[in-house]
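Engineer:
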Amino acid sequence: MHIFEFHTGVHPQQHGNQYITDCPFCEKEKHFFYNAENFMWDCKVCMKSGNPVMFLRMLYEQFDNVTQTSKFISNLRDLPLSCVQECGLKYNPLNGTYLIPTFKHNRLQNIYKVVQTKKQDKTTHEWHDKWIIMASPTMEHTLMNWDETTEDTILIAEGHWDRLAARAIIGSQPITPIAVPGAGVWKDTWCELLSEKNIIFAYDNDNSGRAGYENVILKHIAKSQYKPKSISILRWPEQKDEGYDLNDCYREYGRAAYGRIKDWIQPYTSPENTVVVKTTVDTIPADKTCTTFEDLMSRYEQVYHTTTPMKMGLLLVLSSIYSVRIEGEQIWVRLIGAPSSGKTTIAKCVSGSDQVVVKSTFTGLFSGWKDDAGQDASLIPLIAGKTLIVKDADALLRQPNIEKIFSELRDFYDKDSSTFFKNMVAFDYKNIRSTMILCGTQVLRRSDQSFLGERYLDFELDISERDRECIEERMLQRSMMVAINPSTLPPEMPVVSAAKGFIEHLMQRPNNIQLGLREQTNIRTWARLAATLRTKVDREKFGQREITFEPVIEVPARLIGQLTKLYMCAPVVLGIDRPNELVHQLVAKVVRDIIDYNSPRMKICRVIMNEPHSRDEIVTATEQSMERVNRELQDLIALQLVNGYKQSSTGVGRHVLKFQLIDSLREGLEHIGFA
Ligand SMILES: [Zn+2]
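Numbering (this note's numbering) for the sequence shown: 12 to 686.
1. Opposite Val286 in the DSSP bridges: which residues?
2. On the three-pair Cβ rule with 8 Å, is the stretch 476 to 491 touching the stretch 308 to 317?
3. Beta-carbon of Leu154 versus every beta-carbon of chain B: anything under 8 Å?
4. With distances taken between CB atoms, is the gap from Thr372 to Ser331 smaller than 8 Å?
5. I want to know whether the stretch 292 to 300 touches the stretch 509 to 518 - three or more CB-CB distances under 8 Å.
6. Rounded to whole angstroms, how far is the Cβ of Phe36 from the Cβ of Trp52, which I believe are closer than 8 Å?
7. Just the Cα atoms here: how many angstroms apart are Gln645 and Asp422?
8. So does Lys130 have its beta carbon nearer than 7 Å to some heavy atom of ligand 1?
9. Going by beta-carbon coordinates alone, are Thr606 and Leu672 separated by less than 8 Å?
10. So the alpha helix (DSSP H) Gln531 belongs to, where does it begin and stop?
11. When we look at the beta-carbon of Gln366 and count the other beta-carbons within 10 Å, is it buried (16 or more) or exposed?
12. State the Cα-Cα distance for the pair Arg617 and Met491, rounded to the nearest angstrom.
13. When DSSP labels each residue in this structure, what does Met155 get in the three-state scheme?
14. Look up Tyr656 in the DSSP assignment and give the residues it is bridged to.
15. So Ile571 and Ile534 are in contact, right, with Cβ under 8 Å, and what is the actual spacing, rounded?
16. Using the Cβ count rule (16 or more neighbours within 10 Å means buried), how would you classify Gln131?
17. Compare the beta carbon distance of Val507 and Phe304 with 8 Å and say whether it is the shorter of the two.
18. Can you tell me the Cα-Cα spacing of Thr300 and Ala179, whole angstroms?
19. Would you call the stretch 214 to 222 in contact with the stretch 247 to 260, where contact means no fewer than 3 C-beta pairs closer than 8 Å?
20. For Met435, which residues from the same chain have a beta carbon less than 6 Å from its beta carbon, with the 5 sequence-adjacent residues on both sides left out?
21. Quick check for students: name the residue ranges of the alpha helix (DSSP H) that lie wholly in the stretch 66 to 94, counting only runs of 4 or more.
22. So, under 8 Å CB-CB, Ile167 and Val191 are touching, yes? Tell me the CB distance rounded to an integer number of Å.
23. Should Phe43 be counted as a contact of ligand 1 given a C-beta to heavy atom distance under 7 Å?
24. Which parts of the stretch 199 to 223 are runs of the beta strand (DSSP E), unbroken and 3 residues or longer, counting only runs that do not cross its ends?
25. Look up Lys381 in the DSSP assignment and say whether it is helix, strand or coil.
26. Looking at Leu329 and Val344, is the spacing between their C-beta atoms short of 8 Å?
27. Name, in chain order, the residues that DSSP records as bridge partners for Thr398.
28. Mind checking which residues open and close the alpha helix (DSSP H) that includes Glu249?
29. Report buried or exposed for Glu207, applying the criterion of at least 16 other Cβ atoms within 10 angstroms of its Cβ.
30. Return the chain-ordered list of same chain residues with a C-beta closer than 7 Å to the C-beta of Lys198, the five sequence neighbours on each side being excluded.
31. Quick check: the Cα distance between Asn46 and Asn28, rounded to an integer number of angstroms?
32. Return the chain-ordered list of same chain residues with a C-beta closer than 8 Å to the C-beta of Leu455, the five sequence neighbours on each side being excluded.
33. Going by the beta-carbon positions, is the gap between Ile111 and Ile144 smaller than 8 Å?
34. Let me know the secondary structure DSSP gives Ser625 once reduced to three states.
35. What does the Cβ neighbour count give for Gly353, buried or exposed, with the cut at 16 atoms within 10 Å?
36. Given a threshold of 16 other Cβ atoms within 10 Å of its Cβ, counted over all protein chains shown, does Arg642 qualify as buried or as exposed?
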């Protein structure tokens with residue numbers, strides 16, 4: 012039977028591929044044509060035409076009896092009138108059936124037909140009414156209904172009657188009821204509707220009901236890229252009859268039904284190695300079996316191609332996370348690296364921890380975040396006592412209010428601002444400790460000291476071309492694996508879980524690291540070295556002219572505080588009671604990166620470290636302009652870091668001016684590991 016006869020009751024005449032029947036719209040006989048292959052139809056009299064869905068829409072539109080029909084159905088099913096009415100059931104006088112429409116995004120997609128039949132009881136031989144629901148032939152099954160927006164919780168009922176009952180039971184609870192046409196019906200595309208929602212299966216109390224939801228979960232959701240946030244099952248109590256359903260439940264308990272079923276809704280436990288709900292860094296449980304840094308690293312190495320800078324970078328980030336526990340200077344970090352150098356990986360690794368807040372970027376500390384009411388709110392309460400990781404700090408630099416953001420960051424680091432008032436609420440930010448990690452590329456270097464002050468420690472994730480290839484290869488494999496089998500947990504999740512567990516242990520650890528002579532000497536020497544080399548020399552008019560003031564090398568108090576704290580926190584992360592070689596290497600690398608090996612000034616210092624060179628030689632060796640070299644040399648001389656002296660040249664009576672670093676600076680650079 013074709014869809015037209017199914018809904019009109021009129022038997023068509025066949026002419027080859029063409030069928031002719033009566034028009035349900037203008038009622039003209041034998042002028043309604045349709046094609047038996049594609050079911051395109053048209054009426055030669057009223058000129059209506061279209062495809063099957065359009066036929067169903069026009070058919071449905073043509074009846075105006077929702078109220079009457081709803082009264083009838085609400086009596087038939089013992090359900091409140093309003094619940095039936097909202098579903099828009101209609102009576103079809105053409106064949107004496109009832110129509111259950113289904114909608115997607117408020118557009119009618121399909122119609123199910125309710126027919127009254129008779130059924131004989133096998134023992135009493137009595138006949139009673141039976142109402143059966145039939146699907147329109149050739150139409151694909153549809154959900155009742157697929158709304159554009161749903162509540163966070165979706166209850167899935169088995170069959171259309173239970174969908175009506177579900178609405179009656181749910182009442183005003185924030186739950187969206189939907190129905191599948193039958194326990195055994197599901198389509199892969201429907202998984203999208205469940206994406207990141209809390210799902211409750213409320214199928215019938217029988218084997219087909221139980222097999223039905225198992226099938227949806229294990230055959231469809233497990234294989235879908237769309238995963239719910241959670242899955243629960245309405246497990247009917249044992250004393251309920253076989254086949255007991257939501258409609259029976261409403262008949263039994265009426266408006267008290269929801270109070271009953273909510274106790275029967277239980278979380279679904281999926282078989283091992285089958286992922287049916289979305290696992291995010293927010294929901295991942297902490298793996299408390301990861302108790303040491305070495306353990307964390309070995310899990311990290313299983314998933315990621317790992318380089319020594321990555322290991323040190325993770326150590327630095329964990330030290331920063333831990334450091335909020337201790338008074339004094341904070342360990343704020345700029346994690347600098349090219350794309351695919353591993354900085355995002357480090358950020359991702361710790362992102363599951365409650366101690367960490369990850370933001371892509373932000374527009375300010377005091378107005379960088381909109382709360383639920385859409386109001387500008389301060390980011391500070393969110394990050395109090397925690398570590399803020401900004402994944403794309405380059406984007407931060409492109410914010411139009413960047414100067415204001417950095418001024419806020421400076422104030423927050425220093426915590427001495429008297430303007431910490433915002434949103435009509437005055438918070439006492441002075442006692443809030445947070446640390447901050449900015450991940451970005453060399454672009455971050457451009458946000459030079461005038462913006463950020465010396466509040467960040469720098470760390471560069473320098474990688475070789477070979478390492479980059481390995482990292483990208485692993486990323487590619489991961490993407491393919493996730494694409495081929497969406498039901499497996501993303502491979503990095505165990506690392507996130509392990510880091511989450513490790514950080515929980517870490518934050519419990521006491522800090523009683525004693526710094527020895529070597530550490531103290533390093534801190535003083537290296538802090539002075541970095542401070543010396545990053546001292547700016549004042550010049551009139553945009554740095555082009557003469558030096559205006561005798562340059563003053565900063566007292567590196569802040570840097571001493573930061574390096575001390577790093578020396579004290581990194582051993583705690585490593586679970587040792589005094590700094591080891593790895594910690595010394597980490598601190599030295601941080602100082603090297605603060606000095607910035609590739610800055611114009613350092614390029615020159617590297618050339619004239621061991622042997623004197625002339626200007627021309629420096630220009631050639633550094634590939635910088637003569638103007639640049641002259642300016643930097645002037646600065647270095649003003650800072651008393653370079654000696655210039657005349658050296659006799661080959662020609663008689665000719666001298667060439669040569670430059671060389673002073674001995675103490677050369678020794679300092681060697682000490683920190685500059686070759
Ligand atoms: Zn017609």
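Cβ coordinates follow ideal geometry from the N, Cα and C atoms, glycine included.
Structural biologist: Let me spell this out:
1. According to DSSP, Val286 bridges with nothing at all.
2. yes
3. The chain labelled as chain B is not found in the depicted structure, where only one protein chain is given.
4. no
5. As far as the Cβ criterion goes, the stretch 292 to 300 touches the stretch 509 to 518, which means the pair count is three or higher.
6. The pair is not a contact, with the Cβ atoms about 11 Å apart (cut-off 8 Å).
7. The alpha-carbon atoms of Gln645 and Asp422 are separated by roughly 33 Å.
8. Not so, every heavy atom of ligand 1 lies at least 7 Å from the Cβ.
9. Note on identity: in this sequence residue 606 is Ile, with Thr being the wrong assignment. Between Ile606 and Leu672, the C-beta spacing is not below 8 Å.
10. Leu528 to Leu544
11. Buried is the label assigned to Gln366, since at least 16 other Cβ atoms lie within 10 Å of its Cβ.
12. Rounded to the nearest angstrom, the two C-alpha atoms are 45 Å apart.
13. strand
14. Lys669
15. 6 Å
16. exposed
17. no
18. 47 Å
19. yes
20. The predicted position of Met435 is uncertain, since its pLDDT is 42 and thus under 50; no value can be drawn from it.
21. Within the stretch 66 to 94, the complete alpha helix (DSSP H) runs of at least 4 residues are 77 to 88.
22. Yes, they are in contact, since the Cβ atoms of Ile167 and Val191 sit about 6 Å apart, within 8 Å.
23. yes
24. Correct list: 209 to 213.
25. Bear in mind that a pLDDT of 47 at Lys381, under 50, signals an unreliable position, so the model cannot answer this.
26. Inclusion of Val344 and Leu329 in the CB contact set at 8 Å is not warranted, their separation being larger than that value.
27. In the DSSP output, where bridge partners are listed per residue, Thr398 has Val367 and Thr446.
28. No alpha helix (DSSP H) holds Glu249; DSSP gives it neither H nor E.
29. exposed
30. Excluding sequence positions up to five before and after Lys198, its CB lies within less than 7 Å of the CB of His152, all in the same chain and listed in chain order.
31. One C-alpha to the other measures close to 6 Å.
32. Closer than 8 Å at Cβ, skipping near neighbours: Arg345, Ile347, Ala404, Asp405, Leu408 and Leu449.
33. yes
34. strand
35. buried
36. buried
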